[in-house]
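Enquirer: Have a look at this one before I ask anything.
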Amino acid sequence: MVSVPYKYASVICDGAGHIFKNFHYPIYLALSLSLFSAIPVHPVGLILPNRFPIAVIDPSTHDSVFLPPILFCEIITVLQVIFNKASTFYLLKEYMFMVLLPFGDTQYELRPTKMICLGKNYVKHAEEMRSEVPKEPIIFLKPPSSLIGPEEKIVLPKMSKLVHHEVELAVIIGERGKNVKRKDAMNYVLGYTILLDITARDLQNIARKKGLPWTLCKGFDTFAPVGPRIVSSSELEPDDLEIGLKVNGEIRQKSRTSEMIFKIPQLIEYISSVMTLEPGDIIATGTPEGVGKIEQGDVIEAWIEGIGELRVYVE
Ligand code: MG
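Numbers in our numbering are just positions in the sequence shown, counted from 1, shifted up by 1408.
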């Protein structure tokens, strides 16, 4: 048994099985099994801190056990069958791989099928990486399982001794698009947020030397914090915004989105000529210069003018 802060054990499922969505980050889903009068058990809260691992809490004793996500899914599947509450439990499973972000007066369920990221899209970053400025966009993917929301924690992997921050303007796709023309591209944009393209730089350096892909160095769980909100494309002109990042209050990165080599319409045209863009997909447009190491205990605050400030922690 492991103790976790009791404040996480809030019940956000009502008697009819509706899940309340108006809670803040990270996503703590809780469910009282006492709702189901057929089972004589104490109320139990199921919570998803960073989605991994999942804690099951007994609010009467504050005791908790941690379950791996796969086991959690199996338990939920069994409960679905027993109680015929498929929709409720289906939602619980769905929330494991999704970040809720404020979007106007509502919340947007950010659930990308893919995150397409730009390598070396700012000249000075290409220079600090001792790389040539690319003539065509360089793209790579991050898995949706690397997403976390504001106020969550980046977990440093044991496999790496050098993890870097990269602050980026993220484009959220609003419409399915294939072979989108540059002149039409902005019609496919829902809005913008901040994405931190967290990178295991030592593993990337090895991959670059050996000509290996970047999946490993870019793809760890928690390596894609996003937020703090999505600003509609009708409310924000993305071409010349201040973009920056602080670690423990010290400014590490500060630039303007006007320094991007390949602009958003060109990126959408290029990427959609390769892969169909789906609603919720994220294009991370590359980082400016000033990338650097993050360590356990660091507080990272990233900002983009007109969007706000994204704060996350390093565990
Ligand atoms: Mg990047």
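Beta carbons are placed, not taken as given, at the ideal position from N, Cα and C, and that holds for glycine.
What residue range does the alpha helix (DSSP H) around Q1661 cover?
Expert: One-based indexing of the sequence shown puts residue 1661 at position 253. Unbroken run through Q1661 is the beta strand (DSSP E), E1658 to R1664; no alpha helix (DSSP H).
Enquirer: Thinking just about the alpha-carbon of each residue, which of K1550, I1691 and N1656 is nearest to the one in Y1596?
Expert: Taking the sequence shown and counting its residues from 1, one reaches residue 1596 at position 188. The residue with the shortest Cα to Cα distance from Y1596 is I1691.
Enquirer: So, helix, strand or coil for M1523, using DSSP?
Expert: Here the question's residue 1523 lines up with position 115 in the sequence shown. The answer is strand: DSSP assigns M1523 an E or B state.
Enquirer: With which residues is A1692 paired in a DSSP beta bridge?
Expert: The count along the sequence shown starts at 1 and reaches residue 1692 at position 284. A1692 is bridged to C1525 and A1578.
Enquirer: With respect to the alpha helix (DSSP H) encompassing V1531, which residues constitute its N-terminal and C-terminal limits?
Expert: Walking along the sequence shown from the start, residue 1531 turns up at place 123. Looking at the DSSP string, the run of the alpha helix (DSSP H) that includes V1531 is V1531 to E1536.
Enquirer: Assuming the contact rule is C-beta atoms closer than 8 Å, R1724 and E1703 should be a hit. Round their C-beta distance to whole Å, please.
Expert: With the chain covering only 1409 through 1723, there is no way to say anything about residue 1724.
Enquirer: In angstroms, rounded to a whole number, what distance separates the CA positions of A1534 and K1543?
Expert: Here residue 1534 is taken as the residue at index 126 of the sequence shown, counted from 1. Here residue 1543 is taken as the residue at index 135 of the sequence shown, counted from 1. Distance between the alpha carbons of A1534 and K1543: 12 Å.
Enquirer: Name the residue from V1507, G1512 and M1506 whose alpha carbon lies nearest to the alpha carbon of L1644.
Expert: Counted from its first residue, the sequence shown places residue 1644 at position 236. L1644 has its Cα closest to that of G1512, out of V1507, G1512 and M1506.
Enquirer: Just to confirm the assignment, what range does the beta strand (DSSP E) spanning I1547 have?
Expert: Indexing the sequence shown from 1 puts residue 1547 at position 139. I1546 to K1550 is the span of the beta strand (DSSP E), which, as asked, contains I1547.
Enquirer: My output table needs one value for S1611: the three-state DSSP class, helix, strand or coil.
Expert: Within the sequence shown, numbered from 1, the residue matching residue 1611 stands at position 203. Note on residue identity: the sequence assigns Leu, not Ser, to residue 1611. L1611 falls in the helix class under three-state DSSP.
Enquirer: Does the pairing of the segment 1631-1638 with the segment 1506-1525 give three or more beta-carbon distances under 8 Å?
Expert: Contact holds: three or more Cβ-Cβ distances are below 8 Å.
Enquirer: For E1677, report the span of its alpha helix (DSSP H) as first-last.
Expert: By one-based count along the sequence shown, residue 1677 stands at place 269. Run containing E1677: I1672 to S1680, per the alpha helix (DSSP H) assignment.
Enquirer: If you draw a straight line from the alpha carbon of T1630 to that of F1548, how long is it in whole angstroms?
Expert: Counting from 1 along the sequence shown, the entry for residue 1630 is found at position 222. Counting from 1 along the sequence shown, the entry for residue 1548 is found at position 140. Roughly 17 Å between the two C-alpha positions.
Enquirer: Could you tell me if the beta carbon of A1710 falls within a distance shorter than 7 Å of some heavy atom in the ligand HEM?
Expert: Looking for the ligand HEM in the displayed structure turns up nothing; the ligands present are the ligand MG.
Enquirer: Which class does M1668 belong to by DSSP, given the choice of helix, strand or coil?
Expert: Locating residue 1668 in the sequence shown gives position 260, counting from the first residue. Three-state result, M1668: strand.
Enquirer: Within 7 Å: the Cβ of G1716 and any heavy atom of the ligand MG?
Expert: Here residue 1716 corresponds to residue number 308 of the sequence shown, with the count starting at 1. Incorrect: G1716 has no Cβ contact closer than 7 Å to the ligand MG.
Enquirer: With a CB to CB cut of under 6 Å and the five nearest residues on each side skipped, what residues in its chain are close to S1445?
Expert: One-based indexing of the sequence shown puts residue 1445 at position 37. For S1445, the pLDDT reaches just 30, beneath the cut-off of 50, and the residue's location in the model is therefore unreliable, although a value from the coordinates is still provided. Nothing meets the Cβ criterion.
Enquirer: Could you pull the DSSP bridge partners for Y1721 from this structure?
Expert: Indexing the sequence shown from 1 puts residue 1721 at position 313. Y1721 is bridged to K1561 and V1707.
Enquirer: Label R1660 either buried or exposed according to how many other C-beta atoms from any shown protein chain fall within 10 Å of its C-beta, with 16 as the threshold for buried.
Expert: What you label residue 1660 is simply residue 252 of the sequence shown in a count that begins at 1. So R1660 counts as buried.
Enquirer: What whole-angstrom Cβ distance do V1507 and G1557 have, given they're in contact under 8 Å?
Expert: For the purposes of this step, residue 1507 is taken as residue 99 along the sequence shown, with counting starting at 1. For the purposes of this step, residue 1557 is taken as residue 149 along the sequence shown, with counting starting at 1. Yes, they are in contact, since the Cβ atoms of V1507 and G1557 sit about 4 Å apart, within 8 Å.
Enquirer: Could you give the residue range of the beta strand (DSSP E) that holds K1654?
Expert: As a working mapping, residue 1654 is identified with position 246 in the sequence shown. K1654 -> beta strand (DSSP E) spans E1650 to V1655.
Enquirer: Secondary structure at K1586, three-state DSSP: helix, strand or coil?
Expert: Along the sequence shown, read from residue 1 onward, the residue named residue 1586 stands at position 178. Three-state DSSP puts K1586 in coil, outside helix and strand.
Enquirer: Give every residue of the same chain whose Cβ lies closer than 8 Å to the Cβ of K1591, excluding the five residues on either side of it in the sequence, and list them in chain order.
Expert: The residue given as residue 1591 occupies position 183 in the sequence shown. P1673, listed in sequence order.
Enquirer: Where does V1620 fall in DSSP's three states?
Expert: Your numbering for residue 1620 matches position 212 in the sequence shown. The amino acid occupying residue 1620 in the given sequence is Leu; Val does not appear at that position. In this structure, L1620 counts as coil in the three-state DSSP scheme.
Enquirer: Give me the DSSP bridge partner(s) of K1701.
Expert: Stepping through the sequence shown from its first residue, residue 1701 is reached at position 293. DSSP, once it has assigned bridges, lists H1572 as partnering K1701.
Enquirer: Using only alpha-carbon positions, find the residue among D1689, K1701 and D1706 that is nearest to I1581.
Expert: In the sequence shown, the residue the question calls residue 1581 occupies position 173. Nearest option by C-alpha distance: D1689.
Enquirer: Restricting to Cα atoms, I'd like to know which of G1657, H1573 and I1606 is closest to G1700.
Expert: Working through the sequence shown from its first residue, we reach residue 1700 at position 292. Here the closest residue by C-alpha is H1573.
Enquirer: Would the beta-carbon of A1692 be found less than 7 Å away from any heavy atom of the ligand MG?
Expert: Counted from its first residue, the sequence shown places residue 1692 at position 284. Yes, the ligand MG has a heavy atom inside 7 Å of this Cβ.
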